[in-house]
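Protein chains in written order, with numbering that gives the first Met the number 0: chain X, 0 to 120; chain V, 0 to 120; chain E, 0 to 120; chain B, 0 to 120.
Read through the structure below, which is laid out as structure tokens, and then see the notes.
Protein chains: 4
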Amino acid sequence: MRYAETDQMGVAYHGNYFAWFEIGRTDLLRSQGVSYKELEAQDVHLPVIAAQARFVRPAHYDDVLEIRTQVTAVSGARVTFAYEVRRGGDFVLATGSTSHAAVDGRGRARRLPELLRRLLA
Amino acid sequence: MRYAETDQMGVAYHGNYFAWFEIGRTDLLRSQGVSYKELEAQDVHLPVIAAQARFVRPAHYDDVLEIRTQVTAVSGARVTFAYEVRRGGDFVLATGSTSHAAVDGRGRARRLPELLRRLLA
Amino acid sequence: MRYAETDQMGVAYHGNYFAWFEIGRTDLLRSQGVSYKELEAQDVHLPVIAAQARFVRPAHYDDVLEIRTQVTAVSGARVTFAYEVRRGGDFVLATGSTSHAAVDGRGRARRLPELLRRLLA
Amino acid sequence: MRYAETDQMGVAYHGNYFAWFEIGRTDLLRSQGVSYKELEAQDVHLPVIAAQARFVRPAHYDDVLEIRTQVTAVSGARVTFAYEVRRGGDFVLATGSTSHAAVDGRGRARRLPELLRRLLA
Numbered sequence: 000m001r002y003a004e005t006d007q008m009g010v011a012y013h014g015n016y017f018a019w020f021e022i023g024r025t026d027l028l029r030s031q032g033v034s035y036k037e038l039e040a041q042d043v044h045l046p047v048i049a050a051q052a053r054f055v056r057p058a059h060y061d062d063v064l065e066i067r068t069q070v071t072a073v074s075g076a077r078v079t080f081a082y083e084v085r086r087g088g089d090f091v092l093a094t095g096s097t098s099h100a101a102v103d104g105r106g107r108a109r110r111l112p113e114l115l116r117r118l119l120a
Numbered sequence: 000m001r002y003a004e005t006d007q008m009g010v011a012y013h014g015n016y017f018a019w020f021e022i023g024r025t026d027l028l029r030s031q032g033v034s035y036k037e038l039e040a041q042d043v044h045l046p047v048i049a050a051q052a053r054f055v056r057p058a059h060y061d062d063v064l065e066i067r068t069q070v071t072a073v074s075g076a077r078v079t080f081a082y083e084v085r086r087g088g089d090f091v092l093a094t095g096s097t098s099h100a101a102v103d104g105r106g107r108a109r110r111l112p113e114l115l116r117r118l119l120a
Numbered sequence: 000m001r002y003a004e005t006d007q008m009g010v011a012y013h014g015n016y017f018a019w020f021e022i023g024r025t026d027l028l029r030s031q032g033v034s035y036k037e038l039e040a041q042d043v044h045l046p047v048i049a050a051q052a053r054f055v056r057p058a059h060y061d062d063v064l065e066i067r068t069q070v071t072a073v074s075g076a077r078v079t080f081a082y083e084v085r086r087g088g089d090f091v092l093a094t095g096s097t098s099h100a101a102v103d104g105r106g107r108a109r110r111l112p113e114l115l116r117r118l119l120a
Numbered sequence: 000m001r002y003a004e005t006d007q008m009g010v011a012y013h014g015n016y017f018a019w020f021e022i023g024r025t026d027l028l029r030s031q032g033v034s035y036k037e038l039e040a041q042d043v044h045l046p047v048i049a050a051q052a053r054f055v056r057p058a059h060y061d062d063v064l065e066i067r068t069q070v071t072a073v074s075g076a077r078v079t080f081a082y083e084v085r086r087g088g089d090f091v092l093a094t095g096s097t098s099h100a101a102v103d104g105r106g107r108a109r110r111l112p113e114l115l116r117r118l119l120a
């Protein structure tokens, strides 16, 4: 965890967890052979339409964090990811989820590519 | 909205809304005569224990945003705020809420000061 | 200053000043009748090619900051802004500058629009 | 590079480089057996008193970046680091430097610990 991500309580500012969730889902997609960068190049964008988190224990500067991510729902045009942020494998610091709509570059709804839907199912 | 808050979709990165919510509750507290800075000086801290948001319409660079905040629950040691982020008074861009525990500087639970509880009730 | 902008030293993280400088130059442009958003719509982008800052006194949460900005150099394809971040009008917290190249949406050098050059001169 | 770090030009927002520089110097210190976290626990803080950067090529989402860091000056109470941000080992995206004063928790100047000075020399 970066110094830039601390706040004056000496812990990670809660807003940063949503950027960490993004790292988690990017890594999950990549582990399935999907590059989010390439998805965007194919005009598939997955903006966040809902996000939530529960903060159980604080994260501190220099903590090594692990983000565990799984897909909890996938439909024609939506996908939901769930996350656990852990320290040292042992302690859950936070849990959360994000829901995403598939849209094109103009923000119009589109279907998730079949391949992506199958990979995530 | 700041250029720093955009992402490559050309809209506000969703993680930034949680910092905007913070501006909303700081302003609400201040309108009730409570300075969050002074609360902290009295060893009352209100870390976020849960946060959620729904993103309805994107915010764009240079948009003038309004954050409407209200207290939706207050108990001995907890308080919950609800938010609406609006543009131009007309369009709701996002809604959300944050729940906070009252703790001292060491992170131990403490009661919300009576005055604060009354103000927020 | 936002809570999100503090770090665990209890002061503003130095990287945030560059986002504040951006607010300063946006406001300066606007005071000259130039909207940076409209500049971009006309395919004029002003990416930062160099930035520097000196940090004299720390900024604290809830400080009301003022950013004073002036143009210190303008040529066919470049412009440099200088900044002072002040608190309460009295104390200089930081000084800095940013240099910008004019480019089009593909990153190719282009001349600053004549009108902009005249306004900034 | 994180999606959160992009801006609407589709590249890394320049203010983020200063957080990356911080990662570079933390790693350099660690490679010398010095944990910045432990330094702070010993009441040695190294706030940034000056920072500068030159941005040569843009960084894009999902780029794997390398930060090369070296100490360019160290005296009784100050230390300066220089940085190169590279992509793929080949391309320099940015260079920069940060200067730091050694202070205690109250912000008063103090000498760098002898051991640290020797390690960095």
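C-beta: ideal position from N, C-alpha, C; glycine also.
Look at B/Gly95 here: in three-state DSSP terms it is strand. Contact between the stretch 66 to 78 of chain B and the stretch 96 to 104 of chain B is present: three or more C-beta pairs spanning the two stretches fall below 8 Å.
In the DSSP secondary-structure assignment, X/Val84 is bridged to X/Ile66 and X/Ala93.
Each of X/Val47, X/Ser30, X/Gln31 and X/Phe20 was checked against the Cα of V/His13, and the nearest Cα belongs to X/Val47. Under a criterion of Cβ atoms nearer than 8 Å, no residue of chain B is adjacent to X/Ile48; the nearest Cβ is some 16 Å distant.
For V/Ala52, the C-beta contacts it makes with chain X under 8 Å involve Ala49, Ala50 and Gln51, in order along the chain. For X/His13, at least one C-beta of chain V is nearer than 8 Å to its own C-beta.
V/Gln51 is positioned such that its CB atom lies no closer than 8 Å to that of V/Gly23. Close partners of V/Asp62 in chain B (Cβ separation under 7 Å) are lacking, with about 12 Å as the shortest Cβ gap.
When beta bridges are read from the DSSP output, X/Phe54 appears opposite X/Ala93. With a beta-carbon spacing of about 12 Å, X/Leu28 and X/Val73 fall beyond the 8 Å limit used to define contacts.
Along the stretch 2 to 26 of chain E, the positions whose C-beta sits under 7 Å from a C-beta of chain X are Tyr2, Ala3, Thr5, Asp6, Gln7, Gly9, Tyr12 and Gly14, read in chain order.
X/Arg53 and X/Gly87 have their alpha carbons spaced roughly 19 Å apart. Looking only at X/Gln41, X/Asp89, X/Gln31 and X/Val70, the smallest Cα-Cα distance to X/Arg56 is reached by X/Asp89.
V/Arg77 sits in a strand when the DSSP states are folded into three classes. Look at E/His99: its C-beta is not under 8 Å from any C-beta on chain B. A Cβ-Cβ contact shorter than 8 Å links B/Tyr82 with B/Arg67. For the pair X/Arg85 and X/Leu114, the CB atoms are not nearer than the 8 Å cut-off. When the beta-carbon positions are compared, B/Glu21 and X/Arg1 come within less than 8 Å of each other. Looking at the backbone, the Cα of E/Thr71 and that of X/Ala58 are separated by about 43 Å.
If you draw a straight line from the Cα of E/Ser34 to the Cα of V/Asp6, it is about 19 Å long.
At a cut-off of 8 Å between beta-carbon atoms, E/Ser34 makes contact with chain V. Uninterrupted alpha helix (DSSP H) stretches at least 4 residues long and entirely within the stretch 6 to 62 of chain X occur at 16 to 30 and 35 to 40, given in chain order. At a cut-off of 8 Å between beta-carbon atoms, X/His44 makes contact with chain V. For V/Asp61 and E/Lys36, the gap between their C-alpha atoms comes out near 7 Å. Distances from the alpha-carbon of B/Tyr16 to those of B/Asp26, B/Leu92 and B/Pro112 put B/Leu92 closest. A check of alpha carbon separations from E/Trp19 across V/Gln41, V/Leu45 and V/Ala3 identifies V/Ala3 as the nearest.
Within its own chain, the residues whose Cβ lies closer than 7 Å to the Cβ of B/Pro112, once the five positions on either side in sequence are excluded, are Val43, listed in chain order. Residue pairing by DSSP puts E/Ala108 in a beta bridge opposite E/Val102. The beta carbon of V/Ala49 is closer than 6 Å to those of Ser98 in its chain, skipping five residues each way along the sequence. CA-to-CA, the gap between V/Thr25 and V/Gln69 works out to about 11 Å.
Under DSSP, X/Ala72 shares a beta bridge with X/Thr79.
The three-state reading of DSSP puts X/Ala3 in helix, counting H, G and I together. By alpha-carbon distance to E/Met8, the top candidate from B/Arg107, B/Arg116 and B/Val10 is B/Arg107.
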